[in-house]
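> Following this message is one structure expressed as structure tokens.
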Amino acid sequence: MAESLTSLTAGMPIPWGGTNVARVTEQLAAAFTPGDSLIVVQHSGELLHIDAASADVAANAVAAADEAFAAMGSVSDDQITHFYDAFADAIADDATFAPIADANNRDVDSARDRGRSATRLILDDTMRQGMVDGLRGWAQASSGRGNVVGTVPHDDWRVELVADGLGVIGFVFEGRPNVFADATGVLRGGNTVVFRIGSDALGTAKAIVAHALAPALEEAGLPAGAASLVASPSHAAGLAMMADPRLALAVARGSGEATTRLGAVARQAGNAVSLHGTGGAWIVAGEDAGADDLAAAVYHSLDRKVCNTLNTLCIHASRAGDLVPVALDALERAGTRRGVNSKLHVLEASADAVPVAWFETTAPISRAAGDAVEPRAELIAEDCLGEEWEWENSPEITLAVVDSVDEAIEWFNRYSPRFAVSLISNDPAAHADFFARIDAPFVGNGFTRWVDGQYALDKPELGLSNWQSGRLFGRGGILSGDSAHTIRTRAIQENPDIGR
């Protein structure tokens, strides 16, 4: 009979990965109390403490979504459309939105007081309109559930392959309030959703639920748990949610180590995973790259910091003399457009390609905690080529001079998050070879900011996936509403007297 873990002692050995051992720290041992749980990340040995209160909040939210999914089969597509329209109307209505705006202002002020970045947290008019537009898009999207996607005929009977809802979709988001419009997109196909948002935006999230989301569910006659918020600021609550085997799909949107950890926890629980983690796009300028083409690609890829913003620029050595100044001018213009200075990181071996003044000049660079006086350019090692620069307001990129496009491809496949990349070249054969060899889900020939489900595919987007953990099974890097479905198989007999 299995025993319950009720306490930990400092130094206690915890096996992981089959042959490795992690040791419980004094801090973990002191914090662990009866009712808490411990998750051991099997690829790293990290010990994750899930306190009982956080686990309960997550479990209750998942339970509500799971119960709601059982009722979604009786909900009509028209009711779901009504929900999106009502949700959009609530966000668009100034009186309804006022308490949401107040909550967001408090969240932004709190984040800034703590030296946290507020760039993605601000629910301004543009983000608000984007939420409304996204919800209207989901209202107009086709459901897909019940569609017969294939038929196999037999004598006197047939087999139909039928699309249907997948189940409970779990989301863990960074602190962008507009993610609510994204997350509720899974309802379009008959799914339900449970989500946790970053603690910086939790007040805004609660206000959206109270004043817009919950009333819209009720007005449309959808089960209350169809969209459930894990209303806890604790990271442990997000981990507990991702570890719940009742999820049909676990989606983590964010960046870096936190997203990797969430994905690992979900996989260990047996949940299918879609990770929308570290971003940062690359541009490679080939030997025949046009100067104007490169300038336009760099400039238009730096309008703001999101996952598909230009992060690393590789320029062919034979063209460094004329293309590096063009790229640096585009970088500076991108900063001027935002009223700030820009920041450059240069591969150590490429230092000679950049004017000395860039390294010797200091300037205020806009950071989350305020302006910081820094050198305009700094050197980095080769193994830092894939580091994503999470800039606040000052555009920030890495520049590397490469001996060939082949070298750029090798570096991208080795160091980058394998996300988005563009080749600037006029040679169709070079583009074909580049596409065949570069390991990225999103490949283009110009600016990188095209990577977006709504913008590129005219589909409401749930998120973007990179290939850091390998290529995605059965779908592309854009997770949209029609991605979150299952295929059920139905047999229909015209003749009841059939046997094998």
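Using the working numbering, the first residue of the sequence shown is number 7, and each one after it goes up by one. C-beta atoms are modelled at their ideal positions from N, C-alpha and C, and glycine is treated no differently. No experiment lies behind these values; they were computed from the predicted model shown.
G469 lies in the beta strand (DSSP E); which residues open and close that run?
In the sequence shown, residue 469 corresponds to position 463, counting from 1. Note, G469: beta strand (DSSP E), 467 to 470.
> Sort out for me which residues DSSP pairs P370 with in a bridge.
Start at 1 with the first residue of the sequence shown, and residue 370 comes out as number 364. Beta-bridge pairing links P370 to V379.
> Would you report the Cα separation of V81 and A109, rounded to the nearest angstrom?
Your numbering for residue 81 matches position 75 in the sequence shown. Your numbering for residue 109 matches position 103 in the sequence shown. Answer to the nearest angstrom: the Cα atoms are 32 Å apart.
> Run the CB neighbour count on G476, radius 10 Å, all protein chains shown included, and call it buried at 16 or more, exposed below.
Taking the first residue of the sequence shown as position 1, residue 476 is located at position 470. Exposed, by the Cβ-count rule.
> Name the two residues that bound the continuous beta strand (DSSP E) containing G176.
Residue mapping note: residue 176 aligns to position 170 of the sequence shown, counting from 1. It spans 174 to 178 - the beta strand (DSSP E) in which G176 sits, taken as one unbroken run.
> Given that a residue counts as buried once 16 or more other Cβ atoms are within 10 Å of its Cβ, and exposed if not, what is H160?
The sequence position of residue 160 within the sequence shown is 154, counting from 1. The residue is exposed, with fewer than 16 neighbouring Cβ atoms inside 10 Å.
> Taking its Cβ as the centre, do 16 or more other Cβ atoms sit within 10 Å of A426, making it buried, or is it exposed?
Walking along the sequence shown from the start, residue 426 turns up at place 420. A426 comes out buried.
> Check the DSSP bridge columns for V577 and list the partner residues they point to.
Look at the range of the chain in this structure, 7 to 506, and you will see that residue 577 is not part of it.
> Given 8 Å as the limit, is there contact between the stretch 12 to 26 and the stretch 45 to 58, that is, 3 or more CB pairs closer than that?
Result yes; three or more Cβ-Cβ pairs closer than 8 Å.
> Can you tell me which of the three DSSP states F38 falls into?
Position 32 of the sequence shown, counted from the start, is the residue given in the question as residue 38. Note: F38 maps to coil in three-state DSSP.
> What whole-angstrom Cβ distance do A4 and L405 have, given they're in contact under 8 Å?
The first residue shown for the chain is 7 and the last is 506, placing residue 4 beyond what the model contains.
> Mind reading off the beta-carbon distance from E380 to H351? Whole number of angstroms is fine, and I expect it under 8 Å.
Here residue 380 refers to the residue found at position 374 when the sequence shown is read from its first residue. Here residue 351 refers to the residue found at position 345 when the sequence shown is read from its first residue. So it is not a contact: roughly 11 Å between Cβ atoms.
> Please state the DSSP three-state secondary structure of K349.
In the sequence shown, counting from the first residue as 1, residue 349 sits at position 343. K349: strand per DSSP, three-state reduction.
> With DSSP as the reference, label F479 as helix, strand or coil.
The count along the sequence shown starts at 1 and reaches residue 479 at position 473. In this structure, F479 counts as coil in the three-state DSSP scheme.
> Might you give, ordered along the chain, the residues of its own chain that have their beta carbon closer than 6 Å to the beta carbon of G209, omitting 5 neighbours on each side?
The residue labelled residue 209 in the question sits at position 203 within the sequence shown. For G209, where only same-chain residues beyond five positions count, the Cβ hits under 6 Å are A109, R112, D113.
> Rounded to whole angstroms, what's the CA-CA distance from A92 to A226? Just pull it up for me.
Translated into positions along the sequence shown, residue 92 becomes position 86. Translated into positions along the sequence shown, residue 226 becomes position 220. Cα to Cα, A92 sits roughly 8 Å from A226.
> Tell me the rounded alpha-carbon separation between Y461 and P401.
Taking the sequence shown and counting its residues from 1, the one referred to as residue 461 is at position 455. Taking the sequence shown and counting its residues from 1, the one referred to as residue 401 is at position 395. Taking the straight line joining both Cα atoms gives about 22 Å.
> Compare the C-alpha of Q4 against each of V27, T15, N317 and name the closest.
In this structure the chain extends from 7 to 506, so residue 4 is not present and cannot be described.
> Is DSSP giving D170 helix, strand or coil here?
Taking the sequence shown and counting its residues from 1, the one referred to as residue 170 is at position 164. Three-state DSSP puts D170 in a strand.
> Within 10 angstroms of the Cβ of P434, are there 16 or more other Cβ atoms? Answer buried if so, exposed if not.
The residue given as residue 434 occupies position 428 in the sequence shown. The residue in question, P434, is exposed, as its Cβ has fewer than 16 Cβ neighbours within 10 Å.
> Ordered along the chain, which non-local residues of its own chain (more than five positions away) have a Cβ less than 8 Å from that of A145?
Taking the first residue of the sequence shown as 1, we reach residue 145 at position 139. Answer for A145: T87, Y90, D91, A94, listed in chain order.
> With D72 and V174 assumed to form a contact (beta carbons below 8 Å), what rounded beta-carbon distance in angstroms separates them?
Here residue 72 corresponds to residue number 66 of the sequence shown, with the count starting at 1. Here residue 174 corresponds to residue number 168 of the sequence shown, with the count starting at 1. Right, the Cβ-Cβ distance comes to about 5 Å (below 8 Å), so this counts as a contact.
> Considering Cα atoms alone, identify which of T198, V312, V346 is closest to L235.
Residue numbering aside, residue 235 sits at position 229 when the sequence shown is read from its first letter. Answer by Cα proximity: T198.
> Could you pull the DSSP bridge partners for A524 from this structure?
Any question about residue 524 goes unanswered here, given that the chain covers just 7 to 506.
> Taking the C-alpha atoms as reference points, what is the distance between A323 and S307?
Within the sequence shown, residue 323 is the residue found at index 317, counting from 1. Within the sequence shown, residue 307 is the residue found at index 301, counting from 1. The alpha-carbon atoms of A323 and S307 are separated by roughly 22 Å.
> Three Cβ pairs or more, each shorter than 8 Å: is that satisfied between the stretch 313 to 328 and the stretch 287 to 302?
Touching, yes, given that three or more Cβ pairs across the two stretches are closer than 8 Å.
> Go through the stretch 135 to 220 residue by residue and report every complete run of the beta strand (DSSP E) that reaches 3 residues or more, in order.
Qualifying beta strand (DSSP E) stretches, in chain order: 154 to 160, 163 to 171, 174 to 178, 198 to 202.
> Identify which residue in V200, D57, R118 has its Cα closest to the Cα of D206.
Residue 206 sits at position 200 when you count from the first residue of the sequence shown. Per the Cα distances, R118.
> Give me the Cβ distance between A260 and E180, rounded to the nearest whole Å; I'm assuming they're in contact under 8 Å.
Indexing the sequence shown from 1 puts residue 260 at position 254. Indexing the sequence shown from 1 puts residue 180 at position 174. Per the sequence presented here, residue 260 reads as Gly, with Ala not at that position. Their Cβ separation, rounded to whole angstroms, is 4 Å, which keeps G260 and E180 in contact under 8 Å.
> Beta carbon of D83, beta carbon of P466: below 9 Å?
Working through the sequence shown from its first residue, we reach residue 83 at position 77. Working through the sequence shown from its first residue, we reach residue 466 at position 460. In this structure, P466 does not lie closer than 9 Å to D83 by Cβ.
> What does DSSP give as the partner residues of S43 in its beta bridges?
Taking the sequence shown and counting its residues from 1, one reaches residue 43 at position 37. For S43, which the question treats as bridged, DSSP gives the partners I56.
> Note down, in chain order, each residue of its chain lying with its Cβ closer than 7 Å to the Cβ of A387, except the 5 sequence neighbours on either side.
Within the sequence shown, the letter at position 381 stands for residue 387. The residues are E354.
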